[in-house]
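Worksheet: the structure to be examined is printed underneath.
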Amino acid sequence: MSEDLDALILRVRDLPHDRAVGEVDTFFRSLPSETAKALAESRPEQVGPLEGAPPELRYRANHLILVAAQQRLHALVESREATLAQRRRLVTINEMLQPAGKRLDVDADGKRVEVDVPRQFLLVEPEGQGRMIEVQGDLRTARNIAVLVPGMNNDLERVRSQSVRAKEIGEEAGPGTATVVWLGYHAPLGLTEGRSTESSRAAAPLLCRFQEGLAVVAPDAKITLIGNSYGAQVVSRAMLERARAHRYLLTGSPGADPRVTSAAQMTPPGTELFAVARSRGDYVSYAEQHGPDPASFPDVVRIETDNERVQITGHMGYFNKNSESMTNVGRIVRGDLDAITLAARTTPAEESRVLGTSWAGPLRTLGQSKAAVPISKVFDGLATLRTVASTPSRKTVLESTRRSRTQEGPER
Amino acid sequence: MYHGSVTLTEARNYLRSELLAVAAIVVPDQTPTVTQDVGPVGQGALSDESGPESVCTITVETGDPTTTPDPEAQIGFAAETLESRGWKVTVSEPAEGRHELTARRQGYDLTVSAQTTDWRLTLTGQTPYVDDL
Numbered sequence: 041m042s043e044d045l046d047a048l049i050l051r052v053r054d055l056p057h058d059r060a061v062g063e064v065d066t067f068f069r070s071l072p073s074e075t076a077k078a079l080a081e082s083r084p085e086q087v088g089p090l091e092g093a094p095p096e097l098r099y100r101a102n103h104l105i106l107v108a109a110q111q112r113l114h115a116l117v118e119s120r121e122a123t124l125a126q127r128r129r130l131v132t133i134n135e136m137l138q139p140a141g142k143r144l145d146v147d148a149d150g151k152r153v154e155v156d157v158p159r160q161f162l163l164v165e166p167e168g169q170g171r172m173i174e175v176q177g178d179l180r181t182a183r184n185i186a187v188l189v190p191g192m193n194n195d196l197e198r199v200r201s202q203s204v205r206a207k208e209i210g211e212e213a214g215p216g217t218a219t220v221v222w223l224g225y226h227a228p229l230g231l232t233e234g235r236s237t238e239s240s241r242a243a244a245p246l247l248c249r250f251q252e253g254l255a256v257v258a259p260d261a262k263i264t265l266i267g268n269s270y271g272a273q274v275v276s277r278a279m280l281e282r283a284r285a286h287r288y289l290l291t292g293s294p295g296a297d298p299r300v301t302s303a304a305q306m307t308p309p310g311t312e313l314f315a316v317a318r319s320r321g322d323y324v325s326y327a328e329q330h331g332p333d334p335a336s337f338p339d340v341v342r343i344e345t346d347n348e349r350v351q352i353t354g355h356m357g358y359f360n361k362n363s364e365s366m367t368n369v370g371r372i373v374r375g376d377l378d379a380i381t382l383a384a385r386t387t388p389a390e391e392s393r394v395l396g397t398s399w400a401g402p403l404r405t406l407g408q409s410k411a412a413v414p415i416s417k418v419f420d421g422l423a424t425l426r427t428v429a430s431t432p433s434r435k436t437v438l439e440s441t442r443r444s445r446t447q448e449g450p451e452r
Numbered sequence: 280m281y282h283g284s285v286t287l288t289e290a291r292n293y294l295r296s297e298l299l300a301v302a303a304i305v306v307p308d309q310t311p312t313v314t315q316d317v318g319p320v321g322q323g324a325l326s327d328e329s330g331p332e333s334v335c336t337i338t339v340e341t342g343d344p345t346t347t348p349d350p351e352a353q354i355g356f357a358a359e360t361l362e363s364r365g366w367k368v369t370v371s372e373p374a375e376g377r378h379e380l381t382a383r384r385q386g387y388d389l390t391v392s393a394q395t396t397d398w399r400l401t402l403t404g405q406t407p408y409v410d411d412l
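Going down the list, the protein sequences come from chains A and B.
Residues are numbered in our numbering as their position in the first sequence, beginning at 1, plus a constant of 40.
Residues are numbered in our numbering as their position in the second sequence, beginning at 1, plus a constant of 279.
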């Protein structure tokens, strides 16, 4: 059986994604459940990352990979040979092996009980920068699935933050939702790497294959692919390679490609919704490092990010609790498309003028410099100050072009 | 890394106790449970994780599995309870059997949600962002 698995992996490696995951699915369906489980336990490195394989088997395989890494690192620490990075990684892996939390349930007698919620990984790469794909919820029964692609500076040590945000998005979308944190790629570490599309180009086919595998595992679920910041660059590249999803959402995008100037150029066939968000003063979107900002495309659905309770400025707030941006994320994921609120269609240059200075050009230049990270933080602060002190609200200035809360559905 | 008059640990402890207190009042015969409280995380988790771990999110669940769910009444009672404790509350229009309110006080954000098909009441809160202090 082990040889059959090796032959399968070799055979599907260069197949088109849909055929590859189909063959993997067929292979595992042909196995008795005990045999399949034994295979996952004897060959975790092969089954753990295999798209199209049953998620339950992959969860088990990846758990075993984590346990093996934990033991290996623990031995290094015990023998005083562990580096600081290895010690940090051991802490991370210990945490990844802990339950995600608890939930209330009822036992067979109808009594209320607390149940641990286990971590579920479809991929773990415990070495180096690390990669991982984590699932929250039940992929088999979910009506809606949100796949989140994190951006720059995300490695295995940041797993906990991503998981918390995914949980919040799941709660915002409501019951019947599963979420996936897809850190199945090596995200750029630092602005120098972030200026390159090398990472996103390498990630796109991996994400495409993952999405095809998800469609096999959850054929009836509606899948929303969300990319934020550099993650939006990854999702854009995947869309250009026809990544399979029902809905796409890009927030704080640094651009898709210099040649892509409209949604029609990148929206895969059969898409229900392609939406984007750009909040006021988002220097990453204004800089358009990798191409025109999709929020400026003439044919795109641009979601509102602000409401009367929470106003977002800068690049970091798209998933802020109780913001209109986050509320719209929930609406998109659960398919409540008529309720999505839309923002004005403006260009980065127009918004920069509203804010009192033209940032788009200078920020493109700043993005090339080593000082870009601290400067970008300053710009976030500037945006806040200007909003409070001197800038008319976007609602006032852009009223003529704003499309207020609407009952109409998304545009195509 | 937490600036302002309280530390992040103090803010986290305060939020937890507030969630538990409100949950205990809204469903008085049941002991509320903290179902998630993993500690500080980065507020830009999905975009650029280079910032400090500056936000705590806590989830509390409660409910009585032996009673018929009445989310409208529960959310209404939760709104009254929060308002009496100084929270500014906004109750959302119910959608697909989902009843929800959001509340804000001094930079703390909170959501309470209940379903027509579920006996559980979920309260999720978040400590203030550094910018809000």
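Don't be surprised by glycine CBs; every beta carbon is placed ideally from N, CA and C.
Note that this is a predicted model, so its numbers are computed, not measured.
Cut-off 8 Å between Cβ atoms - residues of its own chain near residue i, not counting five sequence neighbours on either side
| i | result |
| --- | --- |
| I49 (chain A) | Q86, L90 |
| T310 (chain B) | A303, T341 |
| V275 (chain A) | V189, L247, L265, I266, G267, A283, Y288, L290 |
| P94 (chain A) | F68, A76, V257 |
| G376 (chain B) | P350, Q394, T395, T396 |
| S239 (chain A) | Y225, H226, A227, P228, E233, Y270, V274 |
| A304 (chain A) | D339 |
Residue j beta carbon less than 8 Å from that of residue i
| i | j | result |
| --- | --- | --- |
| Y358 (chain A) | A383 (chain A) | no |
| T75 (chain A) | M41 (chain A) | yes |
| Q315 (chain B) | G141 (chain A) | yes |
| A206 (chain A) | I185 (chain A) | no |
| L79 (chain A) | T132 (chain A) | no |
| V204 (chain A) | V317 (chain B) | yes |
| T387 (chain A) | S336 (chain A) | yes |
| K262 (chain A) | D388 (chain B) | no |
| Q160 (chain A) | Y99 (chain A) | yes |
| G216 (chain A) | A182 (chain A) | yes |
| E281 (chain A) | P332 (chain A) | no |
| E43 (chain A) | R51 (chain A) | no |
| G321 (chain A) | G354 (chain A) | yes |
Identified DSSP bridge partners for residue i
| i | result |
| --- | --- |
| K262 (chain A) | A:N184 |
| I337 (chain B) | B:D316, B:G404 |
| Q394 (chain B) | B:R377 |
| W366 (chain B) | None, per the DSSP bridge assignment. |
| A357 (chain B) | Answer by DSSP bridge pairing: none, since A357 (chain B) is not bridged. |
| V221 (chain A) | A:E174, A:L188 |
| G267 (chain A) | A:V189, A:L290 |
| Y387 (chain B) | B:R384 |
| T353 (chain A) | A:R320 |
| L313 (chain A) | A:R287 |
| V341 (chain A) | A:A315 |
| G426 (chain B) | Past the boundaries of the shown model lies residue 426 (chain B); chain B is included only from 280 to 412, so the question cannot be answered. |
| L382 (chain A) | A:I343 |
Closer than 9 Å at the beta carbon, the chain A residues around residue i
| i | result |
| --- | --- |
| T403 (chain B) | K207, E208, E211, K361 |
| T336 (chain B) | V204, R205, K207, E208, K361 |
| E297 (chain B) | Residues of chain A passing the Cβ test: none, with the nearest at roughly 15 Å. |
Proximal chain B residues relative to residue i, where beta-carbon distance stays under 9 Å
| i | result |
| --- | --- |
| P215 (chain A) | E375, G376, R377, Q394, T396, D397 |
| D156 (chain A) | Neighbours of D156 (chain A) on chain B: none; closest Cβ ~10 Å, over 9 Å. |
| D376 (chain A) | A374, E375 |
Proximal residues of chain A, C-beta to C-beta of residue i below 7 Å
| i | result |
| --- | --- |
| V320 (chain B) | R200, S201, V204 |
| D388 (chain B) | K361, N362 |
Own chain residues within Cβ distance below 7 Å of residue i, not counting five before or after
| i | result |
| --- | --- |
| R200 (chain A) | E135 |
| H57 (chain A) | C248, R249, E252 |
| D397 (chain B) | P348 |
| H114 (chain A) | L130 |
| I372 (chain A) | T264, R287, L289, L313, A315, I380 |
Residue i: contacting residues in chain B (beta-carbon distance under 8 Å)
| i | result |
| --- | --- |
| V146 (chain A) | P344 |
| G150 (chain A) | P344, T345 |
| R69 (chain A) | Near R69 (chain A) there are no residues of chain B at all, since even the closest Cβ is about 32 Å away, more than 8 Å. |
Own chain, CB closer than 6 Å to residue i, minus 5 neighbours either side, in chain order
| i | result |
| --- | --- |
| L402 (chain B) | L298, A302, V339, V391 |
| K417 (chain A) | Any reading at K417 (chain A) must be qualified, since the residue scores a pLDDT of 46, below 50, and its modelled position is unreliable; no value is offered. |
| V61 (chain A) | E91, G92, E252, G253, V256 |
| S302 (chain A) | F337, D339 |
| A382 (chain B) | L361, W366, V368, L389 |
| S73 (chain A) | none |
Proximal chain A residues relative to residue i, where beta-carbon distance stays under 8 Å
| i | result |
| --- | --- |
| V477 (chain B) | In the structure as shown, chain B begins at 280 and stops at 412. Residue 477 (chain B) is therefore absent and cannot be evaluated. |
| D349 (chain B) | Per Cβ cutoff of 8 Å: no residues; D349 (chain B) is ~17 Å from chain A at best. |
Contact list for residue i against chain B, beta-carbon separation under 7 Å
| i | result |
| --- | --- |
| K142 (chain A) | T312, T314 |
Residue-level contact to chain E via CB, residue i, 8 Å cutoff
| i | result |
| --- | --- |
| R129 (chain A) | Structure shown: chain E not included; protein chains present are A and B. |
(Q) Going residue by residue through the region 297 to 323 of chain B, where are the continuous beta strand (DSSP E) segments of at least 3 residues, counting only ones entirely within it? (A) 312 to 316
Q: Tell me the start and end of each unbroken beta strand (DSSP E) in the region 96 to 181 of chain A that is at least 3 residues and wholly inside, in chain order.
A: Within the region 96 to 181 of chain A, the complete beta strand (DSSP E) runs of at least 3 residues are 141 to 146, 152 to 157, 160 to 165, 171 to 176.
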